[in-house]
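Below is one structure, written out as structure tokens, with a few remarks after it.
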Amino acid sequence: MSGKHREISVAEFFEKNKHILGYSNPAKAIITVVKEAVDNALDACEEAGILPDIFVRISRVDDHFKIIVEDNGPGIPKDQIPKVFGKLLYGSRFHEIRQSRGQQGIGISAAVLYAQLTTGKPARIISKTADDERAN
């Protein structure tokens, strides 16, 4: 890299830009996390031709919040879960030219990163596809 460029970690990028990404304060962060999860559920159901049924629960746990979003979408294959929730700029919609509900392309992975940075705890992702006998 040249002297004018340097590499930064995803976490460092997120910390420096969280105000742009919708995570400038806890209240905005909750709204952003729920919006990203619901947008993903709506996109997945729309793509699969499924009428969406989405459940959202927000509860306070000690000094942080627990957010649960469940839907009846097609699910995410087990081997794709780390990529979908752990990588920025990864998703099933990048092959399409049209913009879907999301805006920055970092969506749910940024939500997971924010949760991990603020709580120090891992995110728990459960998904089941039609081919799975049980949820992963």
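Residue numbering for the sequence shown follows UniProt numbering, beginning at 1 and increasing consecutively.
Just so you know, even glycine gets a beta-carbon here, dropped at the ideal spot from N, CA and C.
* I think I106 touches I67, with their Cβ atoms under 8 Å apart; what is that distance to the nearest whole Å? -> Counting from one through the sequence shown, the residue named residue 106 turns up at place 106. Counting from one through the sequence shown, the residue named residue 67 turns up at place 67. In this structure I106 does not touch I67 by the C-beta definition: roughly 17 Å separates them, more than the 8 Å allowed.
* To do: Using only alpha-carbon positions, find the residue among P82, R60, K128 and D62 that is nearest to L113.
  => Taking the first residue of the sequence shown as 1, we reach residue 113 at position 113. Comparing alpha-carbon positions, the option among P82, R60, K128 and D62 lying closest to L113 turns out to be P82.
* How would you label K4, buried or exposed, when you count the other beta carbons within 10 angstroms and need 16 or more for buried? -> Along the sequence shown, one-based indexing puts residue 4 at 4. That one is exposed.
* Are the region 31-46 and the region 69-77 in contact at 8 Å, needing three or more beta carbon pairs? -> yes
* Bridge partners of R60, per DSSP? -> Start at 1 with the first residue of the sequence shown, and residue 60 comes out as number 60. In the DSSP assignment, the residues bridged to R60 are F65.
* Y114 lies in the alpha helix (DSSP H); which residues open and close that run? -> Translated into positions along the sequence shown, residue 114 becomes position 114. First-last of the alpha helix (DSSP H) with Y114: G107 to T119.
* Buried or exposed: A27, going by 16 or more other Cβ atoms within 10 Å of its Cβ? -> If you number the sequence shown from 1, residue 27 lands on position 27. Under this definition A27 is an exposed residue.
* **Cβ-based neighbour list, L117, same chain, cut-off 8 Å, excluding 5 preceding and 5 following** => Looking up residue 117 in the sequence shown gives position 117. Counting only Cβ-Cβ distances below 8 Å, and skipping sequence neighbours, we find A11, F14 and E15.
* Asked: To the nearest whole angstrom, what separates the beta carbons of A48 and P74, a pair I think is in contact under 8 Å?
  -> As a position in the sequence shown, residue 48 is number 48, starting the count at 1. As a position in the sequence shown, residue 74 is number 74, starting the count at 1. Going by Cβ atoms, the distance from A48 to P74 rounds to 4 Å, so yes, they are a contact pair.
* To do: Output the distance between the C-alpha atoms of F85 and T119, rounded to the nearest integer angstrom.
  => Sequence index remark: in the sequence shown, residue 85 carries index 85 (1-based). Sequence index remark: in the sequence shown, residue 119 carries index 119 (1-based). Between F85 and T119, the alpha-carbon positions lie close to 17 Å from each other.
* DSSP on D79, reduced to helix/strand/coil? -> The residue labelled residue 79 in the question sits at position 79 within the sequence shown. In this structure, D79 counts as helix in the three-state DSSP scheme.
* Helix or strand or just coil, what does DSSP make of K18? -> By 1-based counting over the sequence shown, the position of residue 18 is 18. It is helical.
* To do: For my contact list, I50 and V38 are in at a C-beta cut-off of 8 Å; report their separation, rounded to the angstrom.
  => Position 50 of the sequence shown holds residue 50. Position 38 of the sequence shown holds residue 38. Wrong, their Cβ atoms sit about 15 Å apart, outside the cutoff.
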